[in-house]
Amino acid sequence: MLTGFVLSAGCMRRFIKRSSRRGASSVDSMPQAYARGVVRAASESTRHAPSSSVPSSTVSYFKSGAKVVLFRAPGPICSATVAVATTPVSDGGHPHCLEHLIFMGSEKYPRRGFLDMLATRSYSDGTNAWTCEDHTAYTISTAGAEGLLRVLPVYLDHILNPKFDDEQFQQEVYHVRQDGEEAGVVFQEMRGRENTEGDILSSAWHRSLFKGTFLSYECGGKTENIAQLTRDEVERFHKANYRRSNMTVILVGGDDLDLPEFMSAMKPALEEGMTGSYLEISPDQRLLPSEKILLSEPLEQRKLFPAADEDVGSLTIVWHGPKLSDVRNTLAVETILRFLTENEASLLNRRFTEVVNPFCSSIDYSVELFPTTVFILGFGGIPNDDGGESLPEEGDEQHEQDGSDQMDLEEEEEEEEEFVQDRGLLEPGIMSELVMQELSSVVDNGFPGGVEAIKETILRYRRNLLLELENNVHSHVVDALIPDAVHEDGLEIGTRLRQEFEALETLLDEGEEFWKSVASQWLVKNRSRASFVGKPSRDLSTQLQRQRAESAAVRRSSMNRAKADPKPSSIDLSSVTFPNLPDATRIAKLPCTVNRIDCHSQTIQVESAFSGISIVVDTKHISKELREHLPLFCSLLFCVDVLRDDGSVEGYESFVRRLSEATIHCYAGVGRNAGTFRAGAVPSCVVIDVSTESGREAQAMEMVLQSVFRSCLSCERVSAMLSNLNSDATEAIREGDVVCRAFSRLLHEHALGSSDSNAAVLTVIQQHEVLRRLQKMKTTEVVEKLEQLRAELFEASTPFIHVGSRDPKPIIEKTRSLWNKAAGRVPDTEKITHYRHERPKKYQEIKTSSKVDTNVIVPIAGVQSGYFRLQVDCPVHHEHPDYFALEVLCEMWSRTEGPLYNGIRGEGLAYGASLWLSPIHEQLVVSISESSSPNEAWDVFVTLLTESLEGEMAETTSLEMDAAKAAVLYQMHGDRMTPSMASDLAFAGAARGVIAGNEEFARREKLLHDVTIEDLKRVQRAHLDRLLRPENGISVVTCGLGSSESIRSGFKRSKCPILLHEQALDVLMSD
């Protein structure tokens, strides 16, 4: 598990995580440090890179020292990110608290809510921000450049000249309620994070590797320090850090983004009328002198974290790397880490995860670009027992390997086995020593596969970069430039981009001795290294809960009862004049053509250097007993041994390496956009998603179908995957939000009498039990079940196929032909996959004998915050006449500075609260997250909804309606802003029987435009009162063990009572 100090006002920042298993070849696994590399020069060295996909850049400067960088990128969305170099001074969370307070108003625009109303009316979903160790960034994205031009000057004024107010400070940062409970948005956010496994280990390595520097502090703040922070301290922090010379504005957009026009609009804020005094930061505060931070000897520590179980833990190993300006060496180490971990065939995975008794279930890596870089290896799901499997003995049966790909594994010495067994993997120095032995073996004996294997790693990385540039350019560019913007290392901003690509090219020419020397210097012989074992502890969970209760009791006995809780200031914008909405007709639209060929084929033509192929097969005819195996089967599908044409067996390592050459992404799941333990849309189907470079589709599909129809499931592979998935499930059910969503879905299926559906069977709650049951079975029996599942899944029907590409018709024809050839039959028109959403049943229509309660509270040891979710029937689907009116109404309720934001978040009762429509399930959903008191948050929601239903809509409704309609339109454009997203949208439309091309978009855009206030009043009366009858729906609360009784009592006494029944996690598992 790799996490960093990254906090956000609205949601978690994009944080790129690298995982070596199950889908690691997707663009989501792009390394953060080099998700910035091939920006200007990529098309010069890659065969399939169209020049239009590579953005150009322009760097401009104001006299104040503020920098502006423009990147051209096609599509409807334009974005601005204002990055400010910030230097934390303690664990008080100064930069994080300031990030929240920035949005409360400015000297020129003092009304809270003005900024977000203006932003939303500019075809945006509002402003957002994040806080990181060395910077704070403020973001906004709009559909079209006109709206961005309007908002940016106002946004900059808020950033540079915020209005500090004691009442707002208490609401956003910290206060004590009348019941003695601590509250405040920032405080509540950090309370839910600071005792998690990831944050505990991240804090440990920051303090060890950067002791005595600003990078050692928790930029988000420790709760005990946040409680002591004052408004004056935050104001002084702003004066010291928020100088124009400390700021970089990054603009990303198409040709409608006119740089001179934007420079002129920003000039008053960034250059003219510069007022105010600034506290100078000493230059050495942001310098990291080597003699001060480098460790003289490796450090080994164990850190306990609270958890409901003690089954699995983790290991994080960190190294100091080269200076930030040493691009080539940093990239070289990055390449080695990718080589070691990027897929199931990589060295460290073969050694530690892909064995019968795994040492861990996942391996991640990260590169942090600080003034002195940091390399991180993370090992998750380490069993808390006597250790894992020893290395294979000589003579153990193994499948035949291709000669050049054979990676010889050394025999494990007997004393090492005893060493592990005597102390266990979660003791300091055990697992880390095994890892270092593997790294040392590479230096001593060379890289498996030789230098050619390293070159292939570089080439795969370059392909991923190009896909990232096409599909995720806005966040990609921002992540690329911020290290240059916030650290002065002598390089002009943007220069590093060219250097990185040049280094990538030259590294292709290096021999194996070079790579061995890099591994030796920066990994094996690097003494500035620290290892941290994360070990779960039930006792620590109990201790923290007891301390929290005792502290609250002390506060209650000593607090001033006469002092009222701070109340959110009412936001009245009725007297404010806003500009008209921008001209929506000027928003660029991505060209695409959708063609429904027949009932089981669809294509979308888009301008892309890549092709996406989705294959859908039915599972309705398969028994529940077999469908329980679907997560295991899908996880194994593309990492198993396969049968060659000549009858010999190709080992999974060789096959995985070849597949990673032919594809960029290859994944199987249950439903569209599924997770391992979560069914996606159309959960009755299995969906195989493949992406590859244009021109390589046939090669890619031949390999995919070889695995589909000719895989050889071995006991060893099945046993390894079973152990890994079981560890993953164990880690997942420690999270309150994960359990809340899973229980909601599971109870939903039970209420409908569909407890054997894929949606129910795949929840992490059910799978946790299924996987443990399978581990107790003979592995040969599990293999037989999987083989039976494959036969029934792939040989029983003709699949639905969707292709998105520049020229999709020949690709879909070839894919269909290859499928039929691999299946050994002609299409069976009687057994065509039914890829369509089915109208859901309604709770009140179901008569079920199930004894499962549908309103439950689930206490979880180690969870520090509460989560609440209510879902009720609502007969509104995508084509329903009320759809857009209800979407607009939900947006009005949930938007930033809207009723829920101010009434619940503003009261310090929860970090997040929202109301939304799920048109696929035809439900309305209320969600409250990271809450100190979910029952009180529910009471606020009930009060707001009751008042709204009993009264007339306020005069400002027209203003708010237009803002909400603009936000919905932004989301519609955002959903199809890149070729792959347009293809996904068309694929989703096919399940609804809709051809989701440009004509359909125009039709739905008009339906949105035509929504009136009368429509809003009508749908509010018709649908929202359902939420005041929770007994007809599903209610789930998750919370810490010590708070379940008070929360349950609170819901029982509510203005709209919910009778919650306490539910242990394992009760439904055996149902």
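Take 1 as the starting number for the sequence shown in full-length UniProt numbering and just add one per residue.
Every residue, glycine too, gets a C-beta built ideally from N, C-alpha and C.
Keep in mind the model is a prediction, meaning the values are calculated, not measured.
Practice task
Using three-state DSSP, classify R527 as helix, strand or coil.
Solution key: coil
Handout entry: Beta-carbon gap between R741 and R869 smaller than 8 Å
Key = yes
Practice task
Answer yes or no: do residue 1081 and I77 have a C-beta to C-beta separation smaller than 8 Å?
Solution key: There is simply no residue 1081 to check, as the chain begins at 1 and stops at 1071 in what is shown.
Exercise for the section: Pull up the CB-CB distance for H877 and P919, whole angstroms please, since I reckon it's below 8 Å. Expected result: At roughly 5 Å, the Cβ-Cβ gap stays under 8 Å, so H877 and P919 are in contact.
Handout entry: 8 Å Cβ cutoff met for P162 and H238
Key = yes
Problem - Contacting residues, own chain, Cβ-Cβ under 8 Å from L630 (five flanking each side not counted) - result: T619, V670, V686, N758, V761, L762, L789
Problem - 8 Å Cβ cutoff met for V486 and F71 - result: no
Practice task
Within its chain, find whatever has a CB closer than 6 Å to the CB of L279; leave out the 5 residues flanking it on each side and keep chain order.
Solution key: Confidence in L279 is poor, its pLDDT being 49 and thus under 50, which makes the residue's placement unreliable; the coordinate value appears in the next sentence. K239, A240, listed in sequence order.
Handout entry: Buried versus exposed call for R734 [16 or more other C-beta atoms within 10 Å across all chains shown]
Key = Buried: at least 16 other Cβ atoms inside 10 Å.
Practice task
Kindly identify the DSSP beta-bridge partner or partners of H135.
Solution key: Answer is A85, bridged to H135.
Problem - Rounded straight-line distance, which links the Cα of D166 to that of L959 - result: 29 Å
Handout entry: Limits of the beta strand (DSSP E) - the one that H320 falls within
Key = 312-323
Problem - Beta carbon of V312 nearer than 8 Å to that of S727 - result: yes
Handout entry: contact_flag[the region 255-263, the region 181-188] where n(CB pairs < 8 Å) is 3 or more
Key = With a cut-off of 8 Å, the region 181-188 and the region 255-263 do not count as touching, because too few Cβ pairs lie within range.
Exercise for the section: On a CA-only basis, which of S755, E891, V803, P934 is nearest F987? Give me that one, please. Expected result: When only C-alpha atoms are compared, the closest one is V803.
Handout entry: For D598, the three-state DSSP class (helix, strand or coil)
Key = In the three-state reduction of the DSSP assignment, D598 falls in the strand class, which pools E and B.
Handout entry: Terminal residues of the alpha helix (DSSP H) in which V255 lies
Key = The residue you asked about is not Val; residue 255 is Asp in the sequence shown. Segment: none, D255 is in no alpha helix (DSSP H) and carries neither H nor E.
Exercise for the section: Count the other C-beta atoms from every protein chain shown that fall within 10 angstroms of the C-beta of L713, then say buried if there are 16 or more, exposed otherwise. Expected result: buried
Practice task
Tell me whether the beta-carbon of I140 lies closer than 8 Å to the beta-carbon of L149.
Solution key: Contact: no.
Practice task
Would you decide whether S684 is buried or exposed? Buried here means 16 or more other CB atoms lie within 10 Å of its CB.
Solution key: buried
Handout entry: Where the beta strand (DSSP E) through F868 begins and ends
Key = 866-873
Exercise for the section: Work out the CA separation of S1043 and L1059 for me, nearest whole Å. Expected result: 16 Å
Problem - For F375: DSSP bridge partner residues - result: W319, V367
Handout entry: Whole-Å CB distance - C592 paired with A990, under 8 Å assumed
Key = At roughly 14 Å, the Cβ-Cβ gap does not stay under 8 Å, so C592 and A990 are not in contact.
Handout entry: Host beta strand (DSSP E) of I430 (start-end)
Key = That residue, I430, is in no beta strand (DSSP E); it is neither H nor E in DSSP.
Practice task
Taking the CB atoms as reference points, tell me whether R658 and M701 lie closer together than 8 Å.
Solution key: no
Practice task
Provide the residue(s) that pair with G906 in DSSP beta bridges, ordered along the chain.
Solution key: G906 pairs with nothing; no bridge assigned.
Handout entry: Distance CB(L945)-CB(L1008) smaller than 8 Å
Key = no
Handout entry: Cβ pair L725, S635 closer than 8 Å
Key = yes
Handout entry: Counted within 10 angstroms of its Cβ, other Cβ atoms place K525 as buried (16 or more) or exposed
Key = exposed
Problem - For L924 and V1019, believed in contact at Cβ under 8 Å, the rounded distance - result: Not quite, the Cβ-Cβ distance comes to about 11 Å (not below 8 Å), so this is no contact.
Practice task
Evaluate the contact criterion for the region 879-888 versus the region 999-1015: three or more CB pairs, one atom per stretch, below 8 Å.
Solution key: Yes, they touch.
Exercise for the section: Check S623 in the structure and name its three-state DSSP category. Expected result: coil
Practice task
Would you give the residue range spanned by the alpha helix (DSSP H) that Y461 belongs to?
Solution key: 450-471
Practice task
Could you pull out every unbroken alpha helix (DSSP H) segment of at least 4 residues lying fully inside the region 474-538, listed in chain order?
Solution key: 495-507, 512-519
Handout entry: Outcome for Q188 when other beta-carbon atoms lying within 10 angstroms are tallied against a minimum of 16
Key = buried
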